[in-house]
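Residue numbers (our numbering): 88 to 797.
Contents: one structure, followed by commentary.
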Amino acid sequence: MTKKKKRGGSQGNFSDLKHQIKNLLSEQGSEKWSLKQIIKKLGIHDKKTKNIAKSILIEINQGKEGRSKSGKPKGSGKEIVGKVDFVNPRFAYIISEGREEDVIVKAENINYALDDDLVRVELFQSKGRSGRVEGKVVEIIERFRKEFVGRVEVSSKYAFVVPDFKKMHYDIFISPRDLNDAKHDDKVIVEITNWPGPNKSPEGKISRVLGQSGENNAEIHSIMAEFGLPFEFPEAISQQAQNIEDGATSEEINKRRDFRHEITFTIDPFDAKDFDDALSIKKLDNGHIEVGVHIADVTHYIRPNTMLEDEAEERATSVYLVDRTIPMLPEKISNELCSLRPNEDKLTFSAVFELDANAHVKKEWYGKTVIHSDRRFTYEEAQERIENKSGDFFAELTTLNEFALKLRAERFMRGAINFETTEVKFDLDENGKPIGLKTKERKDAHKLVEEFMLLANKKVAEYVYKMKPGKVKNTFVYRTHDFPDIEKLNAFSVFAKKFGHDLRVDEAAISKSLNNLIEDIEGKPEQNVLQTLAIRSMAKAKYTTEAKGHFGLAFPHYTHFTSPIRRYPDMMVHRMLQHYLHEGNTLNEDAYEKKCQHSSEMEKRAADAERASIKYKQVEFMQSMVGEIFDGIVAGVTEWGIYVEITATKCEGMVRLADLDDDYYIHEPEQYRVIGQNTGKSITLGDDIRVKVLRTDINKRTIDLERVSI
88 MTKKKKRGGS QGNFSDLKHQ IKNLLSEQGS EKWSLKQIIK KLGIHDKKTK
138 NIAKSILIEI NQGKEGRSKS GKPKGSGKEI VGKVDFVNPR FAYIISEGRE
188 EDVIVKAENI NYALDDDLVR VELFQSKGRS GRVEGKVVEI IERFRKEFVG
238 RVEVSSKYAF VVPDFKKMHY DIFISPRDLN DAKHDDKVIV EITNWPGPNK
288 SPEGKISRVL GQSGENNAEI HSIMAEFGLP FEFPEAISQQ AQNIEDGATS
338 EEINKRRDFR HEITFTIDPF DAKDFDDALS IKKLDNGHIE VGVHIADVTH
388 YIRPNTMLED EAEERATSVY LVDRTIPMLP EKISNELCSL RPNEDKLTFS
438 AVFELDANAH VKKEWYGKTV IHSDRRFTYE EAQERIENKS GDFFAELTTL
488 NEFALKLRAE RFMRGAINFE TTEVKFDLDE NGKPIGLKTK ERKDAHKLVE
538 EFMLLANKKV AEYVYKMKPG KVKNTFVYRT HDFPDIEKLN AFSVFAKKFG
588 HDLRVDEAAI SKSLNNLIED IEGKPEQNVL QTLAIRSMAK AKYTTEAKGH
638 FGLAFPHYTH FTSPIRRYPD MMVHRMLQHY LHEGNTLNED AYEKKCQHSS
688 EMEKRAADAE RASIKYKQVE FMQSMVGEIF DGIVAGVTEW GIYVEITATK
738 CEGMVRLADL DDDYYIHEPE QYRVIGQNTG KSITLGDDIR VKVLRTDINK
788 RTIDLERVSI
């Protein structure tokens with residue numbers, strides 16, 4: 088059992104060090120350096136990094152990452168270094184850079200390695216008929232996690248912590264002296280202190296008590312701890328933020344282009360506190376309009392080589408959980424100094440465009456500005472003025488909307504993908520308990536803001552890319568989105584054909600073909616399933632210094648410029664653009680690529696935490712509905728169960744295959760279905776299904792369902 092190597096995954100310091108070592112070895116020529124000499128040349132001083140370097144050198148010395156000249160895995164006695172990826176308690180894969188196939192390690196050979204640990208693995212030939220290469224962990228080079236979140240089970244003489252993390256397959260033993268006042272059923276953070284040996288639980292001590300299991304704060308804090316999200320800002324950083332004074336002084340204003348007398352407003356959600364973008368509009372004598380996209384000048388307040396800068400870089404993004412925001416920047420900066428509040432002079436970094444009647448950009452300008460917002464609109468207020476053509480600033484909003492519609496049409500004509508997904512928001516009571524839910528509707532006011540932000544992001548990227556002619560471009564931070572996975576697209580195309588839809592998967596036609604499909608399925612029974620599969624076939628967007636373009640938006644160059652209050656890459660882009668506007672030399676590509684990689688990783692972590700908080704609220708919302716029957720749609724099919732999205736609540740639960748008692752069902756992944764071995768009955772992704780809620784489990788964040796005959 089092997090799987091293809093995951094692409095785009097990061098091995099952090101290990102990959103960087105491996106790259107450095109290979110570069111160093113390529114320079115040694117006929118001279119042979121000892122391990123000690125190599126360590127010294129690399130400037131490594133700490134024991135942990137020395138051990139990692141040693142393992143990498145062993146791996147390199149054995150040949151191309153443990154592979155023979157034919158490219159096939161070498162057998163017994165050879166070693167590789169890689170990261171652990173647990174699939175289930177029975178086995179894990181080792182993901183090793185440079186290998187086409189990952190190496191399977193069975194539970195008996197895992198040697199207490201945990202998910203994401205960096206390990207050294209000895210390869211051997213399987214005794215089975217397959218003759219595949221398997222592995223045995225011989226050294227844990229670096230633990231990825233030393234702390235876990237879980238629930239305490241206390242007895243009279245000892246306690247255990249049952250971890251929340253599904254890929255942690257050991258309960259952790261706690262002696263009474265290490266309970267830290269935790270009580271039975273508390274949610275806690277536990278640090279592993281000792282691995283006593285085979286067939287024994289790891290030992291640990293409780294470092295923080297989060298609260299009673301099931302309580303909102305305890306559960307949300309558990310999610311924050313599980314994903315390594317900060318609970319608060321360190322006192323020194325909060326104090327540094329408090330000491331920053333408003334920068335909109337007359338001296339500073341005089342250095343900037345002044346937009347304070349232009350009609351300017353913000354459009355944001357009703358509950359927003361940080362307004363990081365504003366729009367200005369002016370009609371020109373030549374019949375064109377001038378639109379200013381004004382972005383909070385965060386980097387005026389946060390300077391390089393400060394604690395605030397380091398903290399922002401580390402956090403990389405604000406995180407939006409169901410009941411709270413974990414901000415990238417302290418409140419003094421995000422909600423006061425930088426927030427573009429109405430009737431205040433505010434410092435901004437602007438992209439200003441002259442647009443003709445067809446919404447084509449005729450002139451562009453970028454630079455530091457000062458604005459004075461005339462109005463703070465909610466999306467609902469702006470939409471009301473667009474629809475009714477009345478109210479303050481309705482004429483300006485209507486004009487901006489007309490141009491936004493033209494920009495949007497142009498984007499789709501050029502091949503942008505028109506995905507419109509449904510977003511659900513919970514209504515919470517004062518204790519954070521979900522009491523209802525509503526679907527977020529995207530109307531013209533939302534799309535208006537989106538189009539002008541997309542325009543600014545696209546044009547900033549183009550501007551920097553074209554600044555320097557020739558092949559060697561200025562280093563810059565881009566937001567890229569690769570072409571979809573061709574295997575996933577082919578599988579999706581075959582599945583779509585069953586519903587009578589043809590999908591061309593060649594690079595020249597895929598965008599138009601996808602948009603035609605999305606248009607064709609609108610309102611049809613297969614809409615949800617086909618749109619879901621289409622999205623799953625897409626690559627993940629990421630930050631990089633490579634100008635590879637954005638497939639989903641159909642932009643050859645794209646960046647993130649418009650949200651520096653909540654995204655660190657936007658702060659980098661502001662600094663880089665300002666540097667190049669002042670004719671600065673190109674910046675260090677390797678340094679910025681590492682920052683991009685970190686930002687992409689933190690973005691994924693934030694998204695995973697957000698999903699976990701939504702799942703927690705879904706389970707909590709469904710607790711009172713155990714025993715009730717609902718209609719749903721099959722949202723996922725696996726070898727162990729069928730995932731069902733309940734239509735009325737948009738909550739997802741699972742029907743276990745073992746609980747389907749009318750037949751023995753076999754998973755057919757290529758067909759996105761399970762099929763009965765005897766009856767031939769099938770359950771396919773997108774099918775309507777009726778289910779009964781059997782049970783909910785807050786700790787595991789699961790909803791168990793039972794299929795009910797329709």
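Where a beta carbon is used, it is the ideal one built from N, C-alpha and C, also for glycine.
The alpha helix (DSSP H) enclosing residue i, as first and last residue numbers
i      : result
Ser769 : Note, Ser769: premise wrong, no alpha helix (DSSP H); beta strand (DSSP E) at 769-771.
Ser580 : 573-584
Leu487 : 481-500
Val385 : 385-388
Thr619 : 614-623
Glu322 : 322-329
Ser437 : Looking at the DSSP string, Ser437 is not in any alpha helix (DSSP H); the run it does join, the beta strand (DSSP E), is 432-442.
Alpha-carbon to alpha-carbon, residue j and residue i
i      : j      : result
Leu590 : Val616 : 15 Å
Leu395 : Arg402 : 11 Å
Leu416 : Glu690 : 15 Å
Glu538 : Ala548 : 15 Å
Glu661 : Leu297 : The identity of residue 661 in the sequence shown is His, whereas the question assumes Glu. So the alpha carbons of these two residues sit roughly 38 Å apart.
Tyr630 : Phe570 : 15 Å
Asn765 : Asp748 : 12 Å
Met741 : Pro521 : 21 Å
Ser163 : Gly169 : Caution applies to Ser163, whose pLDDT of 49 falls short of 50 and renders its modelled position unreliable; the model cannot decide the point.
Phe357 : Val190 : 51 Å
Asp273 : Ala305 : 8 Å
Thr508 : Asn198 : 44 Å
Asn672 : Asn561 : 8 Å
Gln299 : Lys270 : 8 Å
Lys193 : Asp172 : 12 Å
Gln64  : Ser598 : With the chain covering 88 to 797 only, the question about residue 64 has no answer from this structure.
Ile108 : Tyr759 : 44 Å
Thr486 : Ala359 : 25 Å
Gly284 : Ala200 : 12 Å
Arg654 : Asn110 : 33 Å
Close-in-space but distant-in-sequence residues of the same chain around residue i (CB under 8 Å, 5 per side omitted)
i      : result
Leu371 : Glu377, Glu441
Lys151 : Note on Lys151: pLDDT 45, under 50, position unreliable in the model; no value is reported.
Lys75  : Residue 75 falls outside the range modelled here, since the chain spans only 88 to 797, and no answer is possible.
Cut-off 6 Å between Cβ atoms - residues of its own chain near residue i, not counting five sequence neighbours on either side
i      : result
Phe231 : Asp203, Asp204
Ile605 : Asn505
Thr736 : none
Asp384 : Leu434, Thr435, Phe436
Gln326 : none
Leu640 : Ala503
Simplified DSSP state of residue i, which is helix, strand or coil
i      : result
His661 : helix
Ala628 : coil
Phe708 : helix
Pro263 : helix
Asp774 : coil
Val406 : strand
Val713 : coil
Asp784 : strand
Phe539 : helix
Ala696 : helix
Ala367 : The sequence shown places Ser at residue 367, rather than the Ala named in the question. Strand at Ser367.
Tyr552 : helix
Leu640 : coil
Asn281 : strand
Asp355 : strand
Tyr703 : helix
First and last residue of the uninterrupted beta strand (DSSP E) at residue i
i      : result
Tyr180 : 178-182
Arg462 : 462-465
Ser300 : Careful: Ser300 lies outside any beta strand (DSSP E) and carries neither H nor E.
Beta-carbon proximity list for residue i, same chain, < 7 Å, skipping 5 on both sides
i      : result
Gly519 : Asn303, Asp410
- Evaluate the contact criterion for the region 679-688 versus the region 483-501: three or more CB pairs, one atom per stretch, below 8 Å. no
- Message: Any contact between the region 476-486 and the region 412-431? By contact I mean 3 or more CB pairs, one from each, below 8 Å.
- Response: no
- Message: Could you check whether the region 468-477 touches the region 698-705, counting it as contact only if at least three pairs of C-beta atoms, one from each stretch, sit closer than 8 Å?
- Response: The region 468-477 is not in contact with the region 698-705.
- Cβ pair count under 8 Å reaching 3, the region 423-437 against the region 709-717: Touching, no.
- Task: Assess, as a yes-or-no matter, whether the region 542-556 is touched by the region 640-649 under the definition of 3 or more beta carbon pairs within less than 8 Å.
- Result: yes
- Task: Please determine if the region 718-726 and the region 751-770 are in contact, where contact requires at least 3 C-beta pairs separated by less than 8 Å.
- Result: yes
- Task: Evaluate contact between the region 304-323 and the region 332-345, counting only Cβ atoms and requiring at least three cross-stretch pairs below 8 Å.
- Result: no
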